[in-house]
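*Asks:* Quick one: this structure, given as structure tokens, is what I'll be asking you about.
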Amino acid sequence: PESVLLERRVMSFATVQEHYFQTPPQIERGWQHHLVDTRGRGYLDMLNNVTVLGHGHPRLAEAVHRQWQRLNTNSRFHYASVVELSERLSALLPDGLDTVFLVNSGSEAVDLALRLAWAATGRRDVVAVEEAYHGWTYAGDAISTSTADNPNALATRPAWVHTVPTPNSYRGRHRGPDSHLYGPEAVAVIADLVRSGRPPAAFVCEPYYGNAGGMALPDGYLEQVYAATRESGGLCIADEVQVGYGRLGSHFWGFEQQGVEPDIVAVAKAMGNGHPLGAVITRREIADAYRSQGYFFSSAGGSPVSSVVGLTVLDVLRDEGLQDNARTVGAHLRTRLLRLADKHPLIGAVHGSGLYLGVEFVRDHETREPATEETAAICERLRELGVLMQPTSDRMCVLKIKPPLCLTTTSADVFVDALDDALTHGW
Ligand code: PMP
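The sequence shown begins at 557 in UniProt numbering and counts up by one.
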């Protein structure tokens, strides 16, 4: 029956929505950072960057159940939870970011963030970062330049999208000690746009580089690029969809790590722990500018059920100290991965912070030739060993380590031991 279901999936589901594995386990249920397939086999979920609280959280399940029984409607009606969630989000952000839009996904959040910038500045051009992913809607797709996600990304880019080099400090134009050159290079792109009479409406990027497997931006990068954007009259958009909500351990938001304050913040994924929920938070005058030039209403965005999900996720994150757990377990995991790097030359680098980590595999430490096939084989071997992991980056040579934030030290050790085995026997 499992193979029949797989065939039915191929027949009924659009092929662009590929599943993770060559022979994917049929998942039936989950608990914390564990998943169980229909044969009763358990897996460590090391790649789920949405379910921050873990799978099957009883507090969330009960809160949703209770709210569904009581009421669900849309935010044109007046009820407490949507107000409370908006206030809680604003309180987590710098002063001035006090106006909230509630949507259903990261793609919607980024799309709306761009629309707000267009409305507030009266401009159209946008500066984004190469090799990024920001969503699948028209605007989000336009600024998503990752060719791993979309091979046509660069060829189909509309004229209003301008890119700056991806600020990758491990590879690319300015690696290692030269990575401080990425900032001035991005500033020069903005200056060129200003000179050519097309100053940008916005600069948009992830404040911690997701597609590289969780890599810090070079020190001072956002400070320089945000300053240039603002000087030109543009707005700074932070895509916190993947990195935000405590995953870094050291900070709740990615932009805090760079010491900057954005004008518009897009949030999703962790915010709903898997329930469709996202938000855009901005300043009042930006939201008001949009009111006179654009339309926004979301039938399910900020519904009573979604709002209760958002509030419960924040409560559980706080009560269970999950950001702290991401910091301590993440530090332990990182240390063990670095030790593994001494043993296995295939490991070129360990990126990231907290439970937003990446292990990059290379065939040669000097040329940094990506070990793409090896990474795929290692992920298949890890699955056989009961660990779910996937490659990321445009070169598909980085392990995407983004487990639920309830990961334990014991499970982190199980993962590292399995990776050690896969690196020894797996490719
Ligand atoms: N921005 C970033 C940085 C993301 O990682 C994603 C999802 N991978 C999105 C936007 C789009 O979010 P969603 O899948 O919820 O539409």
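The C-beta atom is built at its ideal place from N, Cα and C for all residues, glycine as well. Everything numeric in this text was worked out from a predicted model, so none of it was measured.
Our contact map puts R597 next to P580 with C-beta atoms below 8 Å; I'd like the distance itself, whole angstroms only.
*Replies:* Your pair R597 and P580 does not check out as a contact, with CB atoms roughly 12 Å apart and the cut at 8 Å.
*Asks:* Please work out which residues of its chain come closer than 7 Å, Cβ to Cβ, to R951, disregarding the five sequence neighbours upstream and downstream, and give them in chain order.
*Replies:* P926, T928
*Asks:* Mind reading off the beta-carbon distance from T693 to S663? Whole number of angstroms is fine, and I expect it under 8 Å.
*Replies:* About 5 Å separates the CB atoms of T693 and S663; that is less than 8 Å, so the two are in contact.
*Asks:* If we call anything under 7 Å between Cβ atoms a contact, is E936 one with F917?
*Replies:* no
*Asks:* Just to confirm my understanding: we take H831, look at its own chain, exclude 5 residues before and 5 after, and list those with CB closer than 6 Å. What are they?
*Replies:* V865
*Asks:* Please state the DSSP three-state secondary structure of T923.
*Replies:* coil
*Asks:* In the structure shown, what three-state DSSP assignment does D734 receive?
*Replies:* helix
*Asks:* For S663, does the three-state DSSP call read helix, strand or coil?
*Replies:* Annotated three-state conformation of S663 is helix, per DSSP.
*Asks:* Cα separation between L941 and T980?
*Replies:* L941 and T980 have their C-alpha atoms some 13 Å from each other.
*Asks:* With DSSP run on the structure shown, which of helix, strand or coil describes T677?
*Replies:* It is helical.
*Asks:* Just checking A824 against the ligand PMP - is the residue's beta carbon closer than 6 Å to any of the ligand's heavy atoms?
*Replies:* Result yes, Cβ under 6 Å from the ligand PMP.
*Asks:* With contact counted as at least three CB pairs below 8 Å, one residue from each stretch, are the segment 881-901 and the segment 663-678 in contact?
*Replies:* no
*Asks:* Within this structure, are the beta carbons of R615 and V872 separated by less than 7 Å?
*Replies:* yes
*Asks:* Taking the alpha carbon of residue 549 as the reference point, which residue from Y801, H807, P755 has its own alpha carbon closest?
*Replies:* Outside the displayed span of the chain (557 to 983) sits residue 549, for which this structure offers no information.
*Asks:* Quick check: is any heavy atom of the ligand PMP less than 6 Å from the C-beta of H831?
*Replies:* no
*Asks:* Between A933 and F971, what straight-line distance do the alpha-carbon atoms span, to the nearest angstrom?
*Replies:* 16 Å
*Asks:* With 16 other CB atoms within 10 Å as the buried threshold, where does W624 fall?
*Replies:* The Cβ neighbour count for W624, taken over all protein chains shown within 10 Å, is under 16; the residue is labelled exposed.
*Asks:* Would you report the Cα separation of R924 and P901, rounded to the nearest angstrom?
*Replies:* 11 Å
*Asks:* Reducing DSSP to helix, strand and coil, say where L804 ends up.
*Replies:* DSSP places L804 in coil when its eight states are reduced to three.
*Asks:* Does the distance between the C-beta of V666 and the nearest non-hydrogen atom of the ligand PMP fall short of 6 Å?
*Replies:* Yes, the Cβ of V666 comes within 6 Å of a heavy atom of the ligand PMP.
*Asks:* Would you kindly work out how many angstroms separate the C-alpha atoms of S854 and L710, rounded to a whole number?
*Replies:* 31 Å
*Asks:* I believe A675 touches Q849 by the beta-carbon criterion, under 8 Å. Please report the beta-carbon distance rounded to the nearest angstrom.
*Replies:* 4 Å
*Asks:* Assuming Y777 and G739 form a contact by the criterion Cβ under 8 Å, report the distance between their Cβ atoms to the nearest whole angstrom.
*Replies:* 5 Å
*Asks:* M771 by DSSP, collapsed to three states: which one?
*Replies:* strand
*Asks:* So what's N829 in DSSP terms, helix, strand or just coil?
*Replies:* strand
*Asks:* Note down the Cα distance separating E584 from R595, rounded to an integer number of angstroms.
*Replies:* 9 Å
*Asks:* Would G877 pass as a contact of L804 if the rule is Cβ separation under 7 Å?
*Replies:* no
*Asks:* Going by the C-beta, is G828 closer than 6 Å to any heavy atom of the ligand PMP?
*Replies:* no
*Asks:* How long is the line joining the alpha carbons of T703 and L627, rounded to whole angstroms?
*Replies:* 43 Å
*Asks:* Does the ligand PMP have even one heavy atom less than 6 Å from the beta-carbon of S663?
*Replies:* Yes - the ligand PMP has a heavy atom lying nearer than 6 Å to the Cβ of S663.
*Asks:* Got a sec? Which residues, its chain only, sit under 8 Å from G769 by beta carbon, not counting five neighbours each side?
*Replies:* H907, G908, L913, G914, V915, E916, T948, S949, V954, L955, K956, I957
*Asks:* Take the Cβ of E796 as the centre, count every other Cβ of all protein chains shown within 10 Å, and call the residue buried at 16 or more, exposed below.
*Replies:* buried
*Asks:* So is the beta-carbon of residue 550 under 6 Å away from any non-hydrogen atom of the ligand PMP?
*Replies:* What the structure shows of the chain is the stretch from 557 to 983, and residue 550 is not part of that stretch, so it cannot be assessed.
*Asks:* Given the structure, does G802 come close to the ligand PMP, in the sense that its CB is under 6 Å from one of the ligand's heavy atoms?
*Replies:* no
*Asks:* Using three-state DSSP, classify H611 as helix, strand or coil.
*Replies:* strand
*Asks:* Rounded to whole angstroms, what's the CA-CA distance from L672 to G696? Just pull it up for me.
*Replies:* 13 Å
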